[in-house]
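Residue numbers (UniProt numbering), protein chains in the order written: chain A, 1 to 414; chain B, 1 to 414.
Note that CB positions come from ideal geometry on N, CA and C, so glycine has one too.
If you're wondering where the values come from, they're calculated on a predicted model, not measured in any experiment.
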């Protein structure tokens, strides 16, 4: 059956897909250094081929540099200000409670995936973590399942049943390299079996939280990713890949986590009533202890916002403090979900709430994390040559959430 | 004659050099993408060898991300707050005039180079541009000359005469790839002839201002750099290389420069009397038109600093505005040389003074420049394996101006 090339428009942008399978990949946590290290060992021959034939460059992600935020941006093509997902967690000031944002009820924009399906593409979404599935498959006709719960997928609810036998893949452990490799292997199998021709494959960053770029397990992981890229290329796919965020070590010289507990600090300095939200918090804390480089602060009644902001800005390790207006303008945040102050920390520093809120004993090894400015820049990788217009676009301020645009609209693929 | 391994201490740090030639290189304007692109073409085999045997990672430069600032940091090992050089230019509020800062009279710290010479090393400095020579050779016994004026070097003043015949190299044109390659070739010749065993080689960024990473002239340039790295490795050198700043395209979709003229904007909004200093300004304007992503603003008497700051912060393309206290704390600036407000612009935006202050017709091609936050992160490349302590240090917030420390103190080189 031929592949639909019908144009569709979503969130103000028109996409005209090629007659080839389109595969967009979110290489979760892939700081550029991971690619550099593995490529220096000649262990990513397919990525090398891709970048020589196509494009490799750096793009700016959405802030906070977290997974849900950037996956939401990638599948909608817009900023968090528009799609509304600004973390895994936020404090709902109306309901006066802390709320998980992993549900599509919080998504305020349509997705490219749903629109592609409506335009006749066979859309398939595979994500490592179940938490992302609901947002990514919002209003979408097609296949959507997670590696984490692959063996629970049902035809009626996931567009596919019996995943393990249909795709000949075992459901992996979530804290493993296989959780990500499963996603890519499932993508290959879906194309091979004619079950998908417009794919979004979203990996998980357990490996990057755990290993530095030169560590052998990381090199082997990226080598295995490269193997699947080769299989996708062999199937004639037009591939675009980017990352949701980078990754940096956040530890002191002795290897212990380098944490500023912001709620504790503010309480000591200004008194009670501060509420600090760590939007990285999710049910999967083993690899980062809910510590990232970005928190939101809700101020108690009557406290002087400027005094708090100025004091925070003067603390070593704090790199940015923004009030609501500036966070909306500069960090592209949704005004109603971010609290009073947004605080970002340095390349090697994470910000937390209070010591009691973070179980550091759950960390496997040294702390590596993300969320701030130093994890904002990520790679953009395109398998096919860019058109002149998109080469020019790449010389501006391209974003990681332009990846569908670059892949679908920006390539010479015939 | 044997090479001195006597320790020396400068600016609070002790250096214990190896008995091998030490070569530290500033790859001016080398955003990591330049290395990625050339390595993907297999045209940097020696750098590849170096990074497999030694180290490749990203480090944070000094701000503003300009050449003089970072060269001064590299040779002193300290921030601009300590060494005092915060641009090519500043407004001296006592003398009430705009002053060039290319002279060592403005340098407030001792250099590692002078200290190494005092400890018995044969120190040699080769810089592409003459403007840097005075600062880099401050109080130093040894050889110091520029590619630009190589044929004018004198034994009495430069520690070497007849450079062209002694080193068998022709003085290059300053706006050329050769201006940088000359520096590396001179380094090779100095070691070969026993004239230097502790070298600082500082290139120029004309090529990066002019070409994007994938452009053939840039690939050929980095390939030629790699050839000289190979010659230095063959001579047994311990090599550390970093960059002073990255490089980004600063242009609109139509290829025209993407400029905010800050003095013009402030005058229109708040009236006369503003003075905007572009610290990138120097006698070499052909490649950037004195436009970078960082300016200093001196306010007229009586104007409300907060009002100006808030207004600037709200303008599209402006990413950071800091008052003096914050610029000192956060950007590590010398308090007496920076004016009232520091303004940084986006990845694709430069800030200028007024249209009359910038000759855009002098630009060879599209505008590529630096100076801001998006040119802050640069590569660190070390030829030999890092010790455990320096591998750990690299997992923190290492700086480009730690390059002598990493190279001299941080390597296993026997």
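So, are the CB atoms of residue 58 of chain B and residue 33 of chain A less than 8 Å apart? Contact flag set, yes.
Tell me the DSSP secondary structure of residue 275 of chain A in three-state form. strand
Measure how close the beta-carbons of residue 243 of chain A and residue 29 of chain A come, nearest whole angstrom, since I'm counting them as under 8 Å. Between the beta-carbon of residue 243 of chain A and that of residue 29 of chain A there is about 7 Å, and that keeps the pair under the 8 Å contact cut.
Supposed contact pair residue 312 of chain B and residue 416 of chain B - C-beta distance, whole angstroms, cut 8 Å: For residue 416 of chain B there is no data in the structure shown, the boundaries of chain B being 1 and 414.
Alpha-carbon spacing of residue 83 of chain B relative to residue 138 of chain B, whole angstroms: When rounded, the distance between both Cα atoms is 12 Å.
Residues of the region 341-359 of chain A with a CB closer than 7 Å to any CB of chain B: list them in chain order, please. 346, 347, 348
Only counting the same chain, and skipping five residues up and downstream in sequence, which positions put a Cβ closer than 7 Å to that of residue 219 of chain A? 37, 38, 41, 43
Use the C-beta contact count for residue 6 of chain B: other C-beta atoms within 10 angstroms, 16 or more gives buried, fewer gives exposed. exposed
Distance check for residue 281 of chain A and residue 210 of chain A, CA to CA, integer angstroms please. As the crow flies, the alpha-carbon of residue 210 of chain A is around 17 Å from that of residue 281 of chain A.
Residues of chain B with a CB under 7 Å from the CB of residue 314 of chain A: which are they? 329
Report buried or exposed for residue 165 of chain B, applying the criterion of at least 16 other Cβ atoms within 10 angstroms of its Cβ. exposed
Whose CA, out of A/115, A/119, A/132, A/124, lies closest to the CA of residue 105 of chain A? A/132
Within 8 Å of any Cβ in chain C, is that where the Cβ of residue 33 of chain A sits? In summary, chain C is missing from the structure at hand, where the protein chains are A and B.
Going along the chain, which unbroken runs of the alpha helix (DSSP H) with 4 or more residues stay wholly within the region 46-112 of chain A? 67-76, 80-83
Going by the CB atoms, is the gap between residue 300 of chain B and residue 80 of chain B shorter than 8 Å? No, the pair does not count as a contact, with Cβ atoms beyond the cut-off.
Starting from the beta carbon of residue 392 of chain B, find every residue of chain A whose beta carbon is closer than 8 Å, and list them in chain order. Correct list: 253, 255.
Contact set between the region 8-29 of chain B and chain A, restricted to residues whose Cβ is under 7 Å from the partner: none
Would you mind reading off the limits of the beta strand (DSSP E) that contains residue 408 of chain A? Neither: residue 408 of chain A is in no beta strand (DSSP E) and is coded neither H nor E.
Can residue 381 of chain B and residue 394 of chain B be called in contact, C-beta distance under 8 Å? Against a cut-off of 8 Å, the Cβ pair of residue 394 of chain B and residue 381 of chain B comes out as no contact.
Do we get a CB-CB distance below 8 Å when we pair residue 326 of chain A with the residues of chain B? At least one chain B Cβ lies under 8 Å of residue 326 of chain A.
Find the residues of chain B that neighbour residue 58 of chain A, judging by a C-beta separation of less than 7 Å, and give them in chain order. Going along chain B in sequence order, the residues near residue 58 of chain A (Cβ under 7 Å) are 33.
Please compile the residues from chain A whose C-beta is within a distance smaller than 9 Å of the C-beta of residue 319 of chain B. 330, listed in chain order.
Ordered along the chain, which non-local residues of its own chain (more than five positions away) have a Cβ less than 6 Å from that of residue 231 of chain A? 188
Please tell me whether residue 417 of chain A has its Cβ less than 8 Å away from any Cβ of chain B. Since the displayed chain A opens at 1 and closes at 414, residue 417 of chain A lies outside it and no answer follows.
Specify, as a first and last residue, the run of the beta strand (DSSP E) that residue 15 of chain A falls within. 13-15
How should residue 412 of chain B be labelled, buried or exposed, when 16 other C-beta atoms within 10 angstroms of its C-beta is the threshold for buried? exposed
Among residues of its own chain, excluding the 5 on either side of residue 76 of chain A, which ones have a beta-carbon nearer than 8 Å to its beta-carbon? 10, 11, 82, 83, 107, 109, 110, 111, 112, 401
Select from the region 193-215 of chain A all residues with a C-beta closer than 9 Å to any C-beta belonging to chain B, and list them in chain order. Along the region 193-215 of chain A, going in chain order, the ones with a CB nearer than 9 Å to a CB of chain B are 212, 213, 214.
Which chain B residues are close to residue 36 of chain A, counting only those with a beta carbon under 7 Å from its beta carbon? Residues of chain B passing the Cβ test: 36, 56.
Would you be able to state if there are at least three C-beta pairs under 8 Å between the region 171-180 of chain A and the region 194-212 of chain A? yes
Cβ atoms of residue 31 of chain A and residue 397 of chain B: under 8 Å apart, would you say? The Cβ-Cβ distance between residue 397 of chain B and residue 31 of chain A does not fall below 8 Å.
Where does residue 369 of chain A land, buried or exposed, given buried means 16+ other C-beta within 10 angstroms? buried
For the putative contact between residue 87 of chain A and residue 279 of chain A, defined by C-beta atoms under 8 Å, what is the C-beta separation to the nearest angstrom? A Cβ-Cβ distance of about 2 Å is found for the pair residue 87 of chain A and residue 279 of chain A, placing them in contact under the 8 Å criterion.
What does residue 51 of chain B touch in chain A if you count any residue whose Cβ is under 9 Å from its own? 36, 37, 40
What do you reckon, are the CB atoms on residue 277 of chain A and residue 339 of chain A nearer than 8 Å? Taking C-beta atoms as the reference points, residue 277 of chain A and residue 339 of chain A count as a pair closer than 8 Å.
Beta carbon of residue 135 of chain B, beta carbon of residue 145 of chain B: below 8 Å? no
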